[in-house]
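Residue numbers (this note's numbering): 18 to 255.
The beta carbon of each residue, even a glycine, is placed where N, CA and C say it ideally should be.
These notes are about the structure you will find just below.
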DNA sequence: GCGACAG
DNA sequence: ATCTTGTCGC
């Protein structure tokens with residue numbers, strides 16, 4: 018018989034309830050004019066361990082949507098006490114994300130996350146969950162597929178921009194999107210206050226020849242590694 | 001014991 | 001996520 022951790026079960030139930038209660042606040046329609054988007058911020062985290070304690074740093078890189086130039090970079094760091102559990106990533110990463118976001122001198126028009134949004138067991142991936150606090154439109158960008166209810170992802174054609182919808186229960190949860198030819202696709206989904214067509218368009222407009230990931234997320238990813246190295250060298254976060 | 005599993 | 005160099009393929 019399988020062991021059951023009652024404390025953990027209780028926690029999971031509480032977190033699941035929180036996610037279910039937030040769902041009614043999700044709106045998959047644009048709350049803005051696409052032509053008015055000036056800046057987009059990419060969000061990512063990196064982790065490391067010191068004496069059995071896990072530390073993390075969250076970096077947010079904001080770019081100018083038209084020129085793709087970096088406008089501002091901020092970061093936060095600290096102890097991580099919530100374990101990674103598939104389906105509950107937001108509870109682990111949001112504290113540092115919100116702390117970093119507060120440091121931005123100007124709010125971006127939209128946030129892109131390294132992880133899912135609506136493409137989630139309860140439509141509450143980190144991109145969607147974060148929007149509740151950031152109060153801005155968000156998009157989820159995942160590098161690997163989170164299988165839901167046994168539904169597999171269908172490989173899109175090997176042409177930049179082609180995609181297949183991830184349909185579950187007659188509803189589009191997200192898209193498997195080919196952003197670069199001959200490179201495996203990414204999995205995008207609405208975060209909040211945006212539709213899937215617009216999400217796809219914006220992600221594709223942020224692809225350059227350097228990565229299959231949209232520029233904001235890629236730059237945030239690179240930044241987390243840089244900041245982590247700095248923090249470790251300076252004996253901070255330990 | 002085995003397979004699943006966003007980051 | 002993280003540990004890590006070279007190497008197979010186009």
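Beta-carbon proximity of residue i to residue j, cut-off 9 Å
i, j, result
"residue 89", "residue 127", "no"
"residue 72", "residue 56", "no"
"residue 253", "residue 94", "yes"
"residue 133", "residue 206", "yes"
Close-in-space but distant-in-sequence residues of the same chain around residue i (CB under 6 Å, 5 per side omitted)
i, result
"residue 209", "43, 145, 148, 155"
"residue 186", "none"
"residue 237", "59, 60, 61, 76, 78"
"residue 117", "75, 77, 91, 92, 93"
"residue 97", "71, 73"
"residue 99", "108, 109"
Those residues which DSSP pairs with residue i across a bridge
i, result
"residue 216", "Residue 216 pairs with nothing; no bridge assigned."
"residue 131", "158"
"residue 188", "185"
"residue 194", "180, 203"
"residue 165", "168"
"residue 209", "155"
Close-in-space but distant-in-sequence residues of the same chain around residue i (CB under 8 Å, 5 per side omitted)
i, result
"residue 101", "109"
"residue 48", "154, 210, 211"
"residue 18", "Because residue 18 sits at a pLDDT of 45, beneath the cut-off of 50, its placement in the model cannot be relied upon, and the point is left open."
"residue 232", "59, 80, 85, 223, 224, 225"
"residue 32", "105, 108"
"residue 251", "none"
Sequence-distant residues of its chain with Cβ nearer than 7 Å to residue i (five each side left out)
i, result
"residue 138", "104, 165"
"residue 171", "181, 193"
"residue 9", "Only positions 18 to 255 of the chain appear in this structure, which leaves residue 9 out of reach."
Contiguous beta strand (DSSP E) assignments of at least 3 residues, all confined to the segment 43-118: 56-67, 70-81, 87-96
Three or more C-beta pairs below 8 Å linking the segment 158-178 and the segment 191-203: yes
Inter-stretch contact (C-beta, 8 Å, three-pair minimum) for the segment 56-65 and the segment 234-248: yes
Three-pair Cβ contact test at 8 Å for the segment 216-226 versus the segment 26-39: no
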